[in-house]
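Chains as they are written, first to last, in the working numbering: chain A, 24 to 385; chain B, -14 to 694.
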């Protein structure tokens, strides 16, 4: 069994807790603190690296419920790994309904405990048997994905140029996939709407690229997919998102260097080579884009990013961009380019930007 | 001879007050008119024993005008007057008014007299007396200047209605009985229900005082029987005190203003020497029956039974019958008074009153026999077998002495010089301090004390307030004490929590006092009603005028919400709580003669609040402890819910057997229970640290000093 090491790890932690209890001492569990305060941006390795800050869950009157739930979840995880089964986060939540008083009332509670365990063992949740329900993202363009038929074990070649107006869906686990491509770059797109336009007009053909729709903040599967593809095929990743603090600090930053919350797995789920194509604050001026005023949450997010995000703090260019954005007090969406004509993005904007990848923001 | 010349301002003020109530008063009326008013004054003086001279007041003009014209309102006036008298020396005119206007003064000013002699609040007599006593030429009687001075104040009487002579013809003695009938409310006989309570109160006060003075643990027996007729009751109060020698019995019970505590500057219940005889008088007036007194002074001595009646005209006792009787107690006194009354139960009932007496006197045993059909016999047993220490008598402290008092003291001093008088007759005055006072006053310390001019005395009085002095000795105030207070509450209420707080002695206007609070919470005490506040002054329960009392104000001023109780704005807290608040002092300041409400001195309010807050904090701690106990009960169950999941999950992962699981569960229970107790401890520490008495005191402190200027 490939994951017997996981089972061993779970048994080891449980054993330690049990020993403490039998010694009539309070058992405790230590988790790495999962937040931006506990990560460091290391440009050499290209992602958020977890620091040593730990959070401790000691068994007391106050923590007894969470403690019981954590152990229950560990037990479920061990069970899943041993039987080579999986449970979605939602399913795990429903399984907890058998735990009587220790059940979860809402799914976010169970997700939290699950992520704690993940961080405790420093593994990806798939390794402990849990999977997300969310879609991984969509792919179209010059790429052949090599997968296996579950029943026959036969190799499947999935040509991403042949989905017509549709797209290939990134599976939840991408570790077993292989790639064939001669694309020049990968274009990661925030919105499904922009992705649709580029697919519709076969932009990938014109630009010789792979188009990926992230649909907001990219899922782990999506990030892993892009990472593996770019690493293996040595092709650059350009990110095309809305010009607002969310597009930059959440979507782009998470794709490139990972997140605070999943700091323990950032190593695998980041795309250090990604660079920022647009839309930049400067683009708003250069392309005279129609804008919306920044909302309060946007301003707060921007100032948080400048103050607390180690990635933004590391890059002067980004600090400048944020300052400019806040000063202008506006945001612009990808689709704002439609002001100049629906296909302006294909005919003018992207070609102009792609002519100078060296100008992309880091 | 008036002090008009000396203190025109206050005189004027006084007169204008009088003018309002008696507009017909003419300046001429302020002429002295001695003979009529003098006699009763002398009688009062007799009662005064020894210091009677002060009471032989020349009757001054303003008096007559008050007396002659407004007899009906005189009670009210007297009340007002004495209230003022306590505040300002210039109460003179009105005070005298009371006196001169006849017998009523004797009764009405029972308290006033007491005050005056006790602490010189009554300036009138004293102001006048030095003049009387001094061979020096006194200011002329009704000097023209005085008349002139008064002229502007009597604007309301543009034309004369009566001459002094015509008025004089109307001025006559007023008998004690007459006064009493008209002013019974002053003495607590406003209505039949209150009369009953007052009668019991006076008899009980006397009994307790007698026992304590003799060093006997009081054992009282109070009985009320309904006589023929709904409205007639017979109150009997028997004590185990020292008894009264036969010759004294008539005077003590049958003569108003006769007593032993009249002038003592020490903590005591009654002082006026009026209470029990007034009760007898009330009984006599309403039923025509005399008091029946039985007393025995010791083993081997006979017991006597006397029927005592008060000659209301002469204020003299009359013994209607006297016999030697068989009486079981070795010593003690029993008094029976028959009166018209209404028997009430519940609030302000005799039963409630006696219960409060029992709380404030934990060393006393009190048995109560209500009238037939009005409940069962009750006995409040001794909570303590020890008598409280006897309060020491103290010399007046200069800060508390008022001008009239000072005049009188200097006049009657045994010392020759002013310096010696100050040192001898006051507390906290050394020779050095006496010289300092004299220096500030600009008078020679060698002056003959009883020959001083009023101006000089006034200067000395002023100087006294300016010189820095030690606070008066506090040993003369005897509180009930924290422990007895609490035990008293415990024995009288079925509560869950009891506490008490006795403040260190403090001083207002030179009078030492102690405030203490006993608190009972929870149990049978009604929860959804305002807290019951029992007020005590020198161990005597106060029943009426709750709203006017500093104690009530202090209770409402305390922010009980801070202690986890409900409290509507500006009201008493709503809680299952009983508060017993005691103010003990050599001189408890009352708002009025009826001795029913404590006056609002900032120093007293401050001490009251501090004591209440202390008790409040303890209630808060109790409440939070109780809440935690309930929480802890819940927590225990809470813990038990999750233990099986912890051991169960571990068992699933580690795969151990039943025995091991059992052990795991036991260990988990141990670990979590300990964690729970630690949690409780930390909450307790938190409460202790959040409630910082000093900080709170500072926040509430109005910054008043114990001395006053």
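Even glycine gets a Cβ: it sits at the ideal position worked out from N, Cα and C.
- Residue contact with chain B for residue 345 (chain A): absent (no Cβ-Cβ distance below 9 Å to any residue of chain B).
- Proximity to residue 206 (chain A) across A:231, A:368, A:359 peaks at A:231, based on C-alpha coordinates.
- Three or more beta-carbon pairs separated by less than 8 Å link the stretch 323 to 341 of chain B to the stretch 193 to 213 of chain B, which places the two stretches in contact.
- Counting only Cβ-Cβ distances below 8 Å, residue 655 (chain B) has contacts in chain A at 47, in chain order.
- Less than 9 Å separates the beta-carbon of residue 413 (chain B) from that of residue 457 (chain B).
- Counting of Cβ neighbours within 10 angstroms places residue 522 (chain B) among the buried residues, the total reaching 16 or more.
- Taken atom to atom, the span from the alpha-carbon of residue 430 (chain B) to that of residue 443 (chain B) is near 14 Å.
- Sequence-distant Cβ neighbours of residue 527 (chain B) in its own chain, meaning closer than 6 Å and more than five residues away, are 520, 581.
- The C-beta of residue 649 (chain B) comes closer than 9 Å to at least one C-beta of chain A.
- It is roughly 28 Å from the alpha-carbon of residue 226 (chain A) to the alpha-carbon of residue 198 (chain A).
- Bridge pairing for residue 276 (chain B): B:293 [DSSP].
- Residue 394 (chain B) is classed as buried because its beta carbon has at least 16 other beta carbons within 10 Å across all chains shown.
- Separation of residue 99 (chain A) and residue 661 (chain B) (C-alpha to C-alpha, rounded to the nearest whole angstrom) is 29 Å.
- Within the same chain, and ignoring the five residues on either side of residue 359 (chain A) in sequence, the residues whose Cβ sits closer than 6 Å to its Cβ are 312, 313.
- When DSSP states are grouped into helix, strand and coil, residue 63 (chain A) belongs to the strand group.
- If you look at residue 166 (chain A), you'll find it isn't in any beta strand (DSSP E); DSSP assigns it neither H nor E.
- A contact is defined here as three or more CB-CB pairs under 8 Å, and the stretch 552 to 567 of chain B meets this definition with respect to the stretch 503 to 517 of chain B.
- Residue 90 (chain A) has a beta carbon lying within less than 9 Å of a beta carbon in chain B.
- The three-state reading of DSSP puts residue 202 (chain A) in strand, counting E and B together.
- Taking the Cβ atoms as the reference, residue 494 (chain B) lies roughly 6 Å from residue 384 (chain B), within the contact range of under 8 Å.
- Considering only B:336, B:289, B:220, B:165, the residue with the shortest C-alpha distance to residue 263 (chain B) is B:165.
- With its beta carbon at least 9 Å from every one in chain B, residue 106 (chain A) lies outside the interface.
- Using a Cβ-Cβ distance cut-off of 8 Å, the stretch 582 to 596 of chain B and the stretch 54 to 69 of chain A are not in contact, since fewer than three pairs of beta carbons, one from each stretch, lie closer than that value.
- If only uninterrupted beta strand (DSSP E) runs of at least 3 residues are considered, those enclosed by the stretch 281 to 359 of chain B are 288 to 296, 301 to 310, 317 to 325, 350 to 354.
- With fewer than 16 other Cβ atoms inside 10 Å of its own Cβ, residue 546 (chain B) counts as exposed.
- Here residue 258 (chain A) is near residue 208 (chain A), since their CB atoms are less than 9 Å apart.
- DSSP places residue 365 (chain B) in the strand class (E or B) of the three-state scheme.
- Of all residues in the stretch 615 to 648 of chain B, only 620, 624, 626, 627, 630, 631, 634, 635, 637, 638, 639, 648 come within less than 7 Å of chain A when Cβ atoms are compared, listed by chain position.
- Residue pairing by DSSP puts residue 77 (chain A) in a beta bridge opposite A:55.
- The residue from A:106, A:298, A:173, A:284 with its alpha-carbon nearest to that of residue 141 (chain A) is A:284.
- Annotation: residue 209 (chain B) is outside any alpha helix (DSSP H); the continuous beta strand (DSSP E) that includes it extends over 204 to 211.
- When DSSP states are grouped into helix, strand and coil, residue 410 (chain B) belongs to the helix group.
- Where residue 232 (chain A) is concerned, the enclosing beta strand (DSSP E) starts and stops at 232 to 236.
- Among the residues of chain A, none has a CB under 7 Å from the CB of residue 600 (chain B); the nearest is roughly 32 Å distant.
- Residue contact with chain A for residue 661 (chain B): present (Cβ-Cβ distance below 9 Å to some residue of chain A).
- Residues of chain B with a Cβ closer than 7 Å to the Cβ of residue 37 (chain A) are, in chain order, 635, 638, 639.
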